Amino acid sequence: MSDSIISTKNVWPYYDKSNVQRAATGKNNELGKDQFLKILMTQMQNQDPTQPLQDKEFIAQMAQFTSVEQLTNMNSEMKLLRQSLGFASGLIGKNVTWSSDTGNTTIQSGIVDSIVMKNGEQLVKIGGEEVPLSKISEISNPEASQ
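Okay, structure coming up:
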């Protein structure tokens with residue numbers, strides 16, 4: 007009877023720490039635009055010649071593909087915007103120095119009040135002036151009141 011015992015290693019998954027970590031760092035199972043296009047191409051290659059893919063079905067699938075691609079692009083842009091705003095928001099309350107292009111180039115400084123987005127560009131608001139981040143030449147902690 008003891009010869010018919012089945013090892014539990016063959017029945018239960020092996021939850022070793024290294025196996026769990028390897029599974030956790032595995033590839034994401036999301037359906038991206040490349041996988042969607044591969045599925046569409048496979049479907050077209052293996053379609054029944056007597057009942058080919060109808061034009062409206064093909065157009066609908068291409069519209070879905072375009073939607074997936076645009077959502078992916080939008081997600082990437084939102085991540086970049088969030089990272090960029092995260093950096094810029096760290097400037098609030100900091101003393102910054104920038105070059106002013108109003109006629110003669112002058113060096114100005116002030117404490118950042120807020121961050122403003124205009125036409126896709128981030129600007130720091132200092133008093134009533136809005137300064138592009140690209141004009142900032144120095145960032146420092148404000149001096150303590152004496």
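Just so you know, we're using this note's numbering here: the sequence shown kicks off at 7 and counts up by one. Even for Gly, the Cβ is constructed at its ideal location relative to N, Cα and C. As the structure is a computational prediction, the values presented were derived from the model and not from experiment.
When the beta-carbon positions are compared, Lys100 and Val122 stay at least 8 Å from each other. The three-state secondary structure of Glu83, taken from DSSP, is helix.
In the DSSP assignment, Leu129 falls within the beta strand (DSSP E) that extends over Glu127 to Ile132. Proximity of the region 90-98 to the region 70-82 falls short of the contact definition, fewer than three beta-carbon pairs being nearer than 8 Å. Ser143 is a Cβ neighbour of Trp104, given a cutoff of 8 Å. The continuous beta strand (DSSP E) containing Gly116 extends over residues Thr112 to Ile117.
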